[in-house]
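Here the structure is laid out as structure tokens; the discussion comes afterwards.
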Amino acid sequence: MAHFHETTEALHRPLAYGRDAHSEPLYITSAYDFESAEEASDRFNNRVPGNVYSRFTNPSVANFERRLAIMEKAEEAVATSSGMGAYLALGMAYLKQGDHVLMGNGIFGSTSHLFKKYFSQFGISCTPLPLTATAAWREAIRPSTRMMILETPGNPTLEVADIKTLSEIAKSAGVLLVIDNTILSPMFQKPLTLGADLVVQSAGKFIDGQGRCVAGAVAGTSQSIAPIKTLLRSGGMSLGAFDGWLLSKSLETLHARMIMHETNALHVARWLQEHSRVNRVHYTGLPGRADSELVSQQQTGHGGVLSAEIKGGQRGAWQFINNLSIVSRCTNIGDAKTMVTHPWSTTHCRYNHAEKLTAGITPGLIRLSIGLEYLDDIIADLDNALSKIHIQETLPA
Ligand SMILES: *Cc1c(COP(=O)(O)O)cnc(C)c1O
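Residue numbers for the sequence shown follow this note's numbering, so the first one is -9 and each next one is one higher.
Dropping the structure here:
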């Protein structure tokens, strides 16, 4: 077959099942019928390929995994019941008592909590590090360090970690580099091509793009995905057929949607930056960033997530949020609808104040996931809400 861009290939590659249906059928089944006792035994023992039970494999889920793998430039991807299910599977498949993990210090709250509260019960320790302090990652590696986990761009302050340099550090120490690629989606960043070992996706975000399901995935080489698939077979945090089908269809429009998210987000970021009630805006697409060269080396786009510091601290931020009408107050990202979050009091509330401030999360910071609405309507809504902040007398200069 001719070599196509991954967007085209993912759309058109002949699928393993349902070749005559132009849109893939949905395989709602838990079990599979075997021709004979011999066939059942062969499938169970991996002597012949084929489905056994939907906790192990399901055609609708397999279609999603296959399309995602193409887009991430991975040999293989495995779907999980949620993004957190992906982290749980990853940790259980790869970590053992006494192991140590390095983690980005502003990482998704539940990811941090999973390691700090739960994996610690099994003797696995974790050190948080700033995303941009590349040398500190090298220095923090111990003989027991097994894994480095980070999101780039970081949520919600959109700091960027140097994936290539970190992957060289990881490789020379025999450590696995795991990148959470949820914010940019495979459309704008392919961490595996920059040296990462595994990529995690919270697939209910931009991959689904319409806020319809909770799902996750891990992508990498077949060899690196195998232990996770084996774990899922016993651990059971597998994805259901319906969500697998939904996500494989979602991937057909990922490219088009991401371009639109980015176009809208870039306009909003520029507009907010000029606004008198906004201190600063974080978005990798804005000019004048100290890391713009790194950004252009490892990202092919900037996506739909940005954050901004509203003047007046938490009061200013909450008044702004409460006066929005189109923009949803919703602690999610990657929906077709624009959403706003106050990270300090919601997504990052389990971090203490010092940890939040170190990660750049201030009381006035709001995060926006820019959707696919008509741009002028998004800006009008933001403008109206900013104009209704009534704490001017206490605003810092
Ligand atoms: C949402 C999210 C997760 C968790 O994924 P779920 O699918 O909600 O379990 C992990 N990492 C990032 C960056 C996320 O945005």
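Where a beta carbon is used, it is the ideal one built from N, C-alpha and C, also for glycine. What you are looking at is a predicted structure, and each value in this text was computed from that prediction instead of being measured.
- Listed as beta-bridge partners of C116 by DSSP are V91.
- Using a Cβ distance threshold of 7 Å, I173 and P181 do not count as a contacting pair.
- If you check the C-beta of D198 against ligand 1, you find no heavy atom less than 6 Å away.
- Taking C-beta separations shorter than 7 Å and ignoring five residues to either side along the sequence, D23 has no partners in its chain.
- Nearest C-alpha to A216 among S31, L372, S100, A64: A64.
- The beta strand (DSSP E) runs of length 3 or more contained entirely in the segment 143 to 209 are, from start to end of the chain, 166 to 170, 188 to 192.
- Annotation: the segment 315 to 365 contains the following complete segments of the beta strand (DSSP E) (minimum length 3 residues), in chain order: 329 to 331, 355 to 359.
- Here A125 is not near L119, since their CB atoms are 7 Å or more apart.
- The segment 335 to 344 and the segment 358 to 377 do not touch, with fewer than three beta-carbon pairs separated by less than 8 Å.
- Residues of the same chain with a CB within less than 7 Å of the CB of R267, apart from the 5 flanking positions on each side, are I300, K301, L376, I379 in chain order.
- Of the candidates E66, L241, T47, E66 places its Cα closest to the Cα of Q213.
- Here DSSP, grouped into helix, strand and coil, assigns L262 to helix.
- Contact check between the segment 252 to 262 and the segment 72 to 90: fewer than three CB pairs, one atom from each, fall below 8 Å, which does not count as touching.
- Contact check between the segment 85 to 103 and the segment 130 to 148: three or more CB pairs, one atom from each, fall below 8 Å, which counts as touching.
- The continuous alpha helix (DSSP H) containing R33 extends over residues 27 to 34.
- Excluding its 5 nearest sequence neighbours in each direction, E252 has C-beta neighbours in its own chain below 8 Å: F178, G275, G291, H292, G293, G294, listed in chain order.
- Annotation for M74 indicates a beta carbon within 6 Å of some heavy atom of ligand 1.
- Fewer than three beta-carbon pairs drawn from the segment 44 to 51 and the segment 187 to 204 are found closer than 8 Å, and the two stretches are therefore not classed as touching.
- When the alpha-carbon of W235 is set against those of E55, P39, R305, E(-4), the nearest one is in E55.
- Of all alpha-carbon atoms in R305, E158, G40, the one lying nearest the alpha-carbon of D187 is that of E158.
- Counting along the chain, V51 sits inside no beta strand (DSSP E); it lies in the alpha helix (DSSP H) bounded by residues 49 to 62.
- Partner residues in the beta bridge of T70, as assigned by DSSP, are G206.
- A205 places its beta carbon 7 Å or farther from that of L244.
- In the structure shown, H272 falls within a strand segment according to DSSP collapsed to helix, strand and coil.
- Beta-carbon to beta-carbon, V68 and A207 are separated by about 7 Å, close enough to satisfy the 8 Å threshold.
- DSSP places R247 in the helix class (H, G or I) of the three-state scheme.
- Beta-bridge partners assigned by DSSP to A298: V271, I356.
- Out of N36, E14, P49, the CA that lies nearest to the CA of A21 is found in P49.
- Bounds of the alpha helix (DSSP H) holding L1 are -4 to 2.
- Look at E141: its beta carbon is less than 6 Å from one of the heavy atoms in ligand 1.
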